[in-house]
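In terms of our numbering, the sequence shown opens at residue 11 and continues consecutively. What follows is one structure encoded as structure tokens, with my remarks underneath.
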Amino acid sequence: MLFDLAWLNRLQSYKQLVVGFSGGLDSTVLLHWCASVPALKSRLLAVHVNHGLSSNALSWQIHCERWCAQLQIPFVTHAVEFNRDANIEEGARTARYALFQDLVPKDGCLLLGHHKDDQAETLLLNLFRGAGVDGLAAMPEIASFGLGVVARPLLSCFQVQLSHYAQCHQLQWIEDESNEDSYYSRNYLRHRVMPLLNEKWPGVVSNLARTAKHCQSAQMNLYALAQEDCGALKKETTSLDTAPLENLSEERLVNVLRYWLKSNAVKSPSTAVCSQIIRLIDAAEDANPVVRWHDISIRRYQKILYIERETFDVRQEAFWTDFPKPLKLGNKIVHVRPAHQGLFIPQGAQLRMTFRQGGESFVFRGQTKSLKKLFQQWHIPPWLRAGVPLLYIDNQLAAVAGYAISDSFFVTREPAWELWFD
Numbered sequence: 011m012l013f014d015l016a017w018l019n020r021l022q023s024y025k026q027l028v029v030g031f032s033g034g035l036d037s038t039v040l041l042h043w044c045a046s047v048p049a050l051k052s053r054l055l056a057v058h059v060n061h062g063l064s065s066n067a068l069s070w071q072i073h074c075e076r077w078c079a080q081l082q083i084p085f086v087t088h089a090v091e092f093n094r095d096a097n098i099e100e101g102a103r104t105a106r107y108a109l110f111q112d113l114v115p116k117d118g119c120l121l122l123g124h125h126k127d128d129q130a131e132t133l134l135l136n137l138f139r140g141a142g143v144d145g146l147a148a149m150p151e152i153a154s155f156g157l158g159v160v161a162r163p164l165l166s167c168f169q170v171q172l173s174h175y176a177q178c179h180q181l182q183w184i185e186d187e188s189n190e191d192s193y194y195s196r197n198y199l200r201h202r203v204m205p206l207l208n209e210k211w212p213g214v215v216s217n218l219a220r221t222a223k224h225c226q227s228a229q230m231n232l233y234a235l236a237q238e239d240c241g242a243l244k245k246e247t248t249s250l251d252t253a254p255l256e257n258l259s260e261e262r263l264v265n266v267l268r269y270w271l272k273s274n275a276v277k278s279p280s281t282a283v284c285s286q287i288i289r290l291i292d293a294a295e296d297a298n299p300v301v302r303w304h305d306i307s308i309r310r311y312q313k314i315l316y317i318e319r320e321t322f323d324v325r326q327e328a329f330w331t332d333f334p335k336p337l338k339l340g341n342k343i344v345h346v347r348p349a350h351q352g353l354f355i356p357q358g359a360q361l362r363m364t365f366r367q368g369g370e371s372f373v374f375r376g377q378t379k380s381l382k383k384l385f386q387q388w389h390i391p392p393w394l395r396a397g398v399p400l401l402y403i404d405n406q407l408a409a410v411a412g413y414a415i416s417d418s419f420f421v422t423r424e425p426a427w428e429l430w431f432d
């Protein structure tokens with residue numbers, strides 16, 4: 011039996027189960043088992059990602075679609091684009107997970123077919139890259155993921171067990187020819203290194219998987235210490251007050267930084283980057299320093315560290331034609347909800363969201379002030395001000411999302427709306 015009762019009970023608690031279905035052995039076994047359980051089958055959605063890396067990509071997609079039709083499971087497929095001039099493995103993985111994150115709903119679960127052999131390989135690959143405890147913890151069985159969670163029910167199973175299951179149930183799966191190419195790091199490890207390790211130490215896969223669990227426990231303790239050192243962070247808060255950190259040792263300070271960045275789904279920084287962030291904390295007040303890596307920038311303003319993500323075009327605007335549904339504006343999502351007092355929207359009014367262009371003024375608490383002065387008053391860091399969405403009602407500035415409502419559109423009775431963004 012591949013799954014224990016605990017997994018069955020756990021998976022039934024999610025309203026949708028999104029299965030990453032490549033058509034290979036692992037995901038085929040995972041999807042077949044889930045489809046064999048009536049309580050789970052009704053929640054399934056199979057997602058096939060076409061990376062466009064093989065001439066066989068279309069035939070694999072057709073195979074997956076037909077097999078899901080046979081099982082009577084909803085199926086969707088998406089093609090993804092990524093930079094193929096750099097690390098192809100990493101680029102494909104990043105694009106795939108970004109797609110999965112968009113598809114997993116609130117209280118939903120992404121199911122992946124990673125097994126114990128995968129776990130051992132992941133630990134070794136991270137070890138060879140010089141990873142710390144977080145990297146050696148490899149892949150967790152279950153973790154937060156977007157609005158839901160990601161789960162790997164097969165992590166306690168060897169690949170040979172999955173092969174046996176597939177043969178017993180006469181399952182058909184595809185073989186990706188690139189899995190035999192030892193140019194790729196994981197394939198090199200799988201085909202050339204692991205056989206030698208297994209020959210010398212027959213229990214090496216189980217031992218490495220056990221080490222990953224030990225590192226996961228150690229990482230939990232480190233994060234608990236980080237919470238004590240910096241105070242409980244709000245989920246995915248992009249700011250960190252450095253005042254409570256002034257008397258920490260460098261090791262504990264680095265631990266807090268890694269915990270904060272991990273809480274924001276930011277890739278763990280190298281030791282060198284952590285050292286740069288520490289220097290940023292200690293920089294002069296007027297230095298306005300910044301640390302950049304990948305698509306992330308870390309800045310400091312009034313002893314607060316901020317995470318700044320991808321850039322956006324301040325010229326963008328969007329008409330809110332399907333109000334009150336959330337509105338996407340650049341890399342921001344603007345939300346509203348009913349309130350006892352707040353923003354008044356006249357019936358039939360035109361709603362337009364945009365970013366600051368400069369020179370705007372705003373009637374707030376009986377005074378007309380420039381947005382620049384108000385942003386300073388609200389202690390909004392200078393580099394974040396251009397990314398605060400503004401709501402115009404019939405071409406009149408009515409609200410600064412998350413901060414204030416113009417006197418002209420503020421009411422103390424219903425119907426009223428609260429406006430914010432993330």
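The beta-carbon is built from N, C-alpha and C at its ideal position, and this holds for glycine as well.
Residue i versus residue j: straight-line alpha-carbon distance, rounded
| i | j | result |
| --- | --- | --- |
| H42 | E190 | 25 Å |
| E246 | S273 | At E246 the pLDDT is 49, less than 50, meaning the model places this residue with poor confidence; the figure from the coordinates comes in the next sentence. Their Cα atoms are separated by approximately 5 Å. |
| A6 | V143 | The displayed coordinates of the chain run from 11 to 432. Any statement about residue 6 would go beyond what the structure contains. |
| S371 | T331 | 25 Å |
| Q22 | L157 | 17 Å |
| R310 | Q326 | 27 Å |
| Q82 | S52 | 10 Å |
| G340 | L15 | 44 Å |
| D128 | Y175 | 17 Å |
| F385 | W270 | 25 Å |
| F431 | I314 | 20 Å |
| E185 | N208 | 23 Å |
| R366 | V276 | 27 Å |
| E424 | Y24 | 35 Å |
| S249 | A153 | 22 Å |
| G376 | K116 | 41 Å |
| V346 | Q111 | 23 Å |
| S65 | E187 | 10 Å |
| P254 | C240 | 6 Å |
| L429 | A349 | 10 Å |
Endpoints, the alpha helix (DSSP H) within which residue i is located
| i | result |
| --- | --- |
| R94 | First-last for R94: undefined, no H or E at that position. |
| W17 | 15-21 |
| D251 | Taken as a continuous stretch (DSSP letters only), D251 belongs to no alpha helix (DSSP H), being part of the beta strand (DSSP E) at 249-251. |
| T104 | 98-113 |
| Y233 | 214-240 |
| K272 | 260-273 |
| K335 | Taken as a continuous stretch (DSSP letters only), K335 belongs to no alpha helix (DSSP H), as it is neither H nor E. |
| V276 | It is not in any alpha helix (DSSP H) - V276 carries neither H nor E in the DSSP assignment. |
| L40 | 35-45 |
Sheet register partners of residue i (DSSP bridge)
| i | result |
| --- | --- |
| S380 | S371 |
| E10 | In the structure displayed, the chain extends from 11 to 432; residue 10 sits before or after that span and is not available. |
| L6 | Because the chain here runs from 11 to 432, residue 6 falls outside it and cannot be looked at. |
| T87 | H58 |
| G142 | None, per the DSSP bridge assignment. |
| G352 | V421 |
| R319 | Answer is none; R319 lacks a bridge partner. |
N-terminal and C-terminal residue of the beta strand (DSSP E) that residue i is part of
| i | result |
| --- | --- |
| R76 | No beta strand (DSSP E) contains R76, which is instead part of the alpha helix (DSSP H) from 67-81. |
| P348 | 342-349 |
| M363 | 361-364 |
| S154 | 152-155 |
| R309 | 306-311 |
| C167 | That residue, C167, is in no beta strand (DSSP E); it is neither H nor E in DSSP. |
Supposed close pair residue i, residue j - CB separation, criterion 8 Å
| i | j | result |
| --- | --- | --- |
| F374 | D417 | 6 Å |
| I291 | I306 | Incorrect: roughly 16 Å between the Cβ atoms, too far for contact. |
| A161 | C119 | 5 Å |
Inset, instruction - Report yes or no: do the segment 59-75 and the segment 148-163 share at least 3 C-beta pairs separated by less than 8 Å? - result: No contact exists between the segment 59-75 and the segment 148-163.
Inset, instruction - Give a yes or no on contact between the segment 281-288 and the segment 212-229, applying the rule of three or more CB pairs nearer than 8 Å. - result: Too few Cβ pairs lie closer than 8 Å, so no.
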